[in-house]
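At position 313 of the sequence shown (counting the first as 1) the number is 318 in our numbering, and the numbers step up by one without a gap. All residues carry an ideal CB built from backbone N, CA and C; glycine is no exception. Given the structure is predicted, the values throughout are model-derived calculations rather than measurements.
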Amino acid sequence: MKRSGTRRSDSERIDLTVRDYGTSRGIASARLVRKRRIRRQTRLLAGLVLVLLLTAGGIWLVKTISGKPAPTTEPSQPTSGSTTTAGVTVTPKPTSTPAPSPVPTTTQPQLTAVERQVLLEQAGDDVVRYLEQVTTGRVGIYFQNLVQGESWSYDDQIPFVAASSIKLGLNTYLYNRIAAGEIRLDEQLRYDNRSYPTGDYEAGTGTVQNLPNGTELSVRETAKLSITISDNCATNMIIRRLGGIDAINPWLNEISGIVDYRQKVSYTNYAGQSQNGRHRTCARDLGLQAVRLYDLWQENPQAYAPLIDDLSQTEFDFGIIKGLPDDLVVAHKIGTNGAYATENDVGIIFAGEPFVLCVLTEMASAERARKIQADIAAILYEKVSGWPWP
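What follows is the structure in structure tokens.
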């Protein structure tokens with residue numbers, strides 16, 4: 006059976022096909038245009054977002070590298086101090102301005118020379134109160150600040166046996182001659198084992214006394230032994246090279262000769278006994294010899310550095326050094342003489358403001374004497390080592 010309906014001609018079918026194709030193609034084209042527009046807008050928006058992100062990231066990176074703080078919403082503040090706004094404390098932001106060179110502390114007012122001397126006297130009063138507790142013995146003290154020259158003393162002109170503390174002054178004179186070109190450090194000295202003063206032999210501290218007669222040592226070697234281990238024979242070799250003690254003594258007296266090392270002096274010792282003899286000194290004389298060494302070292306560090314080094318590296322770690330911080334350089338020379346109950350120490354303390362301290366003692370207990378030296382050093386260091394510069 007044939008289906009009924011209108012039969013279109015071939016031309017009609019062709020025309021319809023053409024019309025239908027055109028209609029569907031037009032609808033598709035409109036949709037495609039809208040999709041493309043949306044994609045372009047999306048890409049444009051994404052591009053704008055990316056540009057903004059890159060710009061913000063670049064700003065952050067530049068500020069991070071330059072060390073400048075990132076912008077904040079805080080109001081601008083003065084360059085120093087803190088301010089309070091609406092009950093909120095706002096601390097100024099740090100800047101990249103370089104820190105200034107170190108300057109004296111401003112936590113306390115700068116001190117005048119008079120004020121410094123007053124403070125030193127107060128420190129001295131503390132020392133005196135401490136010494137009032139010492140029931141026996143004699144003590145002589147000399148202190149001098151090496152920046153401004155303030156000094157304080159206690160019984161600094163009474164005589165004591167000098168012992169080996171005189172070796173600081175003797176070696177200072179030796180290096181003075183070396184600096185003048187009159188003696189060379191590598192010059193050889195020959196040990197004479199005859200007794201001093203004919204030769205160099207002297208019993209007591211040191212190792213040269215054990216060497217064969219005629220052993221040669223350089224000036225530098227003998228000077229080092231004289232200081233670091235307080236070698237008596239090495240010291241006598243130096244004295245002989247310098248022309249004898251009577252050739253050295255005038256130079257020492259020019260520094261300070263309150264008690265002449267070569268003249269007999271009479272006094273009463275700690276036990277109330279009368280004494281009379283040579284080779285005595287006082288705290289001021291030895292202290293000023295240390296001051297002279299410091300001044301010469303300041304003028305010519307290279308020439309006097311070996312002596313300062315030797316004094317800073319002795320084998321004797323008692324006395325004033327025990328009252329001072331371990332990290333301080335202390336160029337000192339002790340002196341002991343058991344027969345005369347003598348314990349001495351004199352040195353240059355390289356603190357923030359360097360100073361010289363000499364403490365001479367005469368008492369029955371060497372251990373007690375050394376503790377007194379350490380305690381006095383601690384009191385003075387604590388009171389005056391941190392002075393602000395005037």
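Could you tell me the alpha carbon to alpha carbon distance between residue i and residue j, rounded to whole angstroms?
i           : j           : result
residue 271 : residue 116 : 43 Å
residue 399 : residue 345 : Outside the displayed span of the chain (6 to 395) sits residue 399, for which this structure offers no information.
residue 223 : residue 311 : 14 Å
residue 146 : residue 378 : 9 Å
residue 357 : residue 302 : 17 Å
residue 162 : residue 364 : 12 Å
residue 199 : residue 175 : 21 Å
residue 248 : residue 127 : 45 Å
residue 165 : residue 237 : 19 Å
residue 197 : residue 159 : 41 Å
residue 351 : residue 219 : 33 Å
residue 380 : residue 314 : 25 Å
residue 274 : residue 280 : 7 Å
residue 255 : residue 290 : 13 Å
residue 370 : residue 261 : 29 Å
residue 333 : residue 221 : 35 Å
residue 205 : residue 187 : 22 Å
residue 232 : residue 307 : 18 Å
residue 213 : residue 234 : 11 Å
residue 207 : residue 217 : 14 Å
residue 258 : residue 157 : 21 Å
residue 376 : residue 121 : 27 Å
residue 138 : residue 130 : 13 Å
residue 227 : residue 201 : 16 Å
residue 136 : residue 372 : 16 Å
For chain C, is any of its Cβ atoms less than 8 Å away from the one on residue i?
i           : result
residue 383 : Among the chains in the structure shown there is no chain C, since it carries only a single protein chain.
By the 10 Å Cβ neighbour count, where 16 or more other Cβ atoms means buried, how is residue i classified, buried or exposed?
i           : result
residue 264 : buried
residue 189 : exposed
residue 195 : exposed
residue 59  : exposed
residue 229 : buried
residue 134 : exposed
residue 215 : exposed
residue 203 : exposed
residue 322 : exposed
residue 123 : exposed
residue 252 : exposed
residue 343 : exposed
residue 98  : With a pLDDT of 36 at residue 98, under the threshold of 50, the predicted position of this residue should be treated as unreliable, though the coordinate-derived value follows. The residue in question, residue 98, is exposed, as its Cβ has fewer than 16 Cβ neighbours within 10 Å.
residue 55  : exposed
residue 37  : Note that residue 37 scores 45 on pLDDT, short of 50, meaning its location in the model is unreliable and no value can be drawn from it.
Would you mind stating whether residue i and residue j have Cβ atoms separated by less than 8 Å?
i           : j           : result
residue 439 : residue 292 : Summary: the structure shown does not reach residue 439, with the chain confined to residues 6 through 395, and so no result is reported for it.
residue 305 : residue 118 : no
residue 211 : residue 239 : yes
residue 341 : residue 167 : no
residue 267 : residue 250 : yes
residue 348 : residue 374 : yes
residue 295 : residue 361 : yes
residue 125 : residue 335 : no
residue 140 : residue 297 : no
Nearest by alpha-carbon distance to residue i: which of the options is it?
i           : options            : result
residue 325 : 210, 140, 148      : 148
residue 5   : 285, 287, 316, 202 : No answer is possible for residue 5: the residues shown for the chain start at 6 and end at 395.
residue 242 : 192, 120, 261      : 192
residue 283 : 307, 350, 125, 269 : 269
residue 4   : 359, 369, 286, 156 : Any property of residue 4 remains undetermined from this structure, which presents the chain solely from 6 to 395.
residue 181 : 309, 121, 156      : 309
residue 246 : 121, 55, 225, 376  : 225
I believe residue i touches residue j by the beta-carbon criterion, under 8 Å. Please report the beta-carbon distance rounded to the nearest angstrom.
i           : j           : result
residue 144 : residue 366 : 5 Å
residue 384 : residue 132 : 5 Å
residue 173 : residue 338 : 4 Å
residue 368 : residue 142 : 3 Å
residue 359 : residue 151 : 4 Å
Comparing the CB of residue i with every heavy atom of the ligand ATP, is any distance shorter than 7 Å?
i           : result
residue 285 : Looking for the ligand ATP in the displayed structure turns up nothing, as the structure carries no ligands at all.
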